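Numbering (the numbering used here), first residue to last: 1018 to 1363.
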């Protein structure tokens, strides 16, 4: 009996050893690709992923750099979705405001993308993501300056310009956010977005879009292609002002463009609650709401109305001149009535 038991034990041990050897051999074969150290350094630098993940990508693709980028992209979609689910309840009090204006200046948007720490808000990948989302928001906007629904934004496409997703292919914004969460390990969320798109509006020729963004305490500023006529800028404050005139030729006048820029700067700096007493400003407090930031039962405080505020760029002889009076003066100077239809800021 002992002999039989010994033979059975010996047979089982050989079987286990064979399976173990087979498994080990497979693992050795899988990792037998020698990683190109130069490609590893390049991949690590351009994607900013963990070195172990970069090594795994090159091993899985036999040191094919382009395939490794695609491997990382797919891996981040999976790992990012899992990470996003784990961190979704974390508070996001940091982030950036991103402003986009098209090359034709016929569409624009401002968005607020938040994260957990100031460190991530200064990360280049995070800032590029914000700029990509802002551009997409301008493209899906309507012919008047309006808030955009978060669900609509998340389901929209963007042409991602990060190193990982630089193939020129479109990707869903929710996936792009999850991928960035997977890479940077922080919760992220779109808190608000306002946009306007006059490209397809034949009557929009009499409207002018003025935009502004201020870096604030943002430590780095993402560099965008200087050859492109479109404007992408990240910061801590951003604003949009929509002006109108029956004579659209004045939009090419330097006096007008400088005045429009000063108006949008004042909106960003003063953050008025209203454009006029019956027209609330668009801001994060009334985002996705039809109500103004002030209780409807309360009278409107005149110092919160943009048109009633003193124009901050008055010279000494113009002391006390309001924004409305400045509009009247510029209209007289240009020979065409200039008005403001809406303002927004984040």
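Think of the CB as a built atom: it goes at the ideal place given N, C-alpha and C, for glycine as much as any other residue. Here the structure is a predicted model, which is why all the values come from computation and not from measurement.
In whole angstroms, what is the alpha-carbon distance linking residue i and residue j?
i: residue 1153; j: residue 1280; result: 25 Å
i: residue 1036; j: residue 1076; result: For residue 1036, the predicted model reports a pLDDT of 44, less than 50, meaning its position is unreliable and no value from the coordinates is stated.
i: residue 1205; j: residue 1101; result: 8 Å
i: residue 1346; j: residue 1228; result: 22 Å
i: residue 1059; j: residue 1083; result: 12 Å
i: residue 1170; j: residue 1200; result: 21 Å
i: residue 1320; j: residue 1196; result: 44 Å
i: residue 1181; j: residue 1055; result: For residue 1181, the predicted structure reports a pLDDT of 48, less than 50, and the residue's modelled location is therefore unreliable. A value from the coordinates is still provided. Computed Cα separation, rounded: 18 Å.
i: residue 1162; j: residue 1212; result: 5 Å
i: residue 1114; j: residue 1232; result: 9 Å
i: residue 1155; j: residue 1208; result: 16 Å
i: residue 1004; j: residue 1093; result: With the chain covering 1018 to 1363 only, the question about residue 1004 has no answer from this structure.
i: residue 1081; j: residue 1359; result: 51 Å
i: residue 1103; j: residue 1194; result: 14 Å
i: residue 1248; j: residue 1230; result: 10 Å
i: residue 1331; j: residue 1221; result: 30 Å
i: residue 1283; j: residue 1339; result: 12 Å
i: residue 1405; j: residue 1258; result: Beyond the ends of the chain as shown, which are 1018 and 1363, falls residue 1405; an answer cannot be given.
i: residue 1105; j: residue 1165; result: 21 Å
i: residue 1069; j: residue 1051; result: 14 Å
i: residue 1217; j: residue 1361; result: 22 Å
i: residue 1324; j: residue 1234; result: 29 Å
i: residue 1293; j: residue 1253; result: 25 Å
i: residue 1126; j: residue 1053; result: 43 Å
i: residue 1078; j: residue 1090; result: 13 Å
i: residue 1278; j: residue 1119; result: 16 Å
i: residue 1295; j: residue 1085; result: 56 Å
i: residue 1175; j: residue 1188; result: 6 Å
i: residue 1334; j: residue 1355; result: 22 Å
i: residue 1144; j: residue 1116; result: 11 Å
i: residue 1363; j: residue 1286; result: 11 Å
i: residue 1215; j: residue 1124; result: 6 Å
Opposite residue i in the DSSP bridges: which residues?
i: residue 1075; result: The partner list for residue 1075 (beta bridge, DSSP) is empty, contrary to what the question assumes.
i: residue 1216; result: BP columns for residue 1216 are empty, so no partner.
i: residue 1163; result: 1212
i: residue 1001; result: An answer regarding residue 1001 cannot be provided, because it is not within the stretch 1018 to 1363 covered by the chain.
i: residue 1291; result: 1297, 1322
i: residue 1202; result: Looking at the DSSP assignment, residue 1202 forms no beta bridge with any residue, so it has no partner.
i: residue 1255; result: 1230
i: residue 1260; result: 1225, 1357
Can you name the start and end residues of the beta strand (DSSP E) that residue i belongs to?
i: residue 1252; result: 1248-1252
i: residue 1227; result: 1224-1231
i: residue 1358; result: 1355-1362
I need the DSSP call for residue i, collapsed to helix, strand or coil.
i: residue 1129; result: strand
i: residue 1147; result: helix
i: residue 1120; result: coil
i: residue 1333; result: helix
i: residue 1299; result: strand
i: residue 1207; result: strand
i: residue 1352; result: coil
i: residue 1235; result: coil
i: residue 1317; result: coil
i: residue 1066; result: coil
i: residue 1111; result: strand
i: residue 1156; result: helix
i: residue 1327; result: strand
i: residue 1339; result: strand
i: residue 1168; result: helix
i: residue 1276; result: helix
i: residue 975; result: Outside the modelled stretch of the chain, which goes from 1018 to 1363, sits residue 975, for which no answer is possible.
i: residue 1304; result: coil
i: residue 1270; result: coil
i: residue 1245; result: coil
i: residue 1051; result: coil
The ligand ATP and residue i: does the residue's C-beta get closer than 7 Å to at least one heavy atom of that ligand?
i: residue 1335; result: Of the ligands one can find in the structure shown there are none, so the ligand ATP has no counterpart to examine.
The alpha helix (DSSP H) spanning residue i covers which residue range?
i: residue 1138; result: 1135-1138
i: residue 1099; result: 1082-1104
#### Entry: Inter-stretch contact (C-beta, 8 Å, three-pair minimum) for the stretch 1259-1276 and the stretch 1131-1145
no
### Task
Evaluate contact between the stretch 1270-1279 and the stretch 1334-1352, counting only Cβ atoms and requiring at least three cross-stretch pairs below 8 Å.
yes
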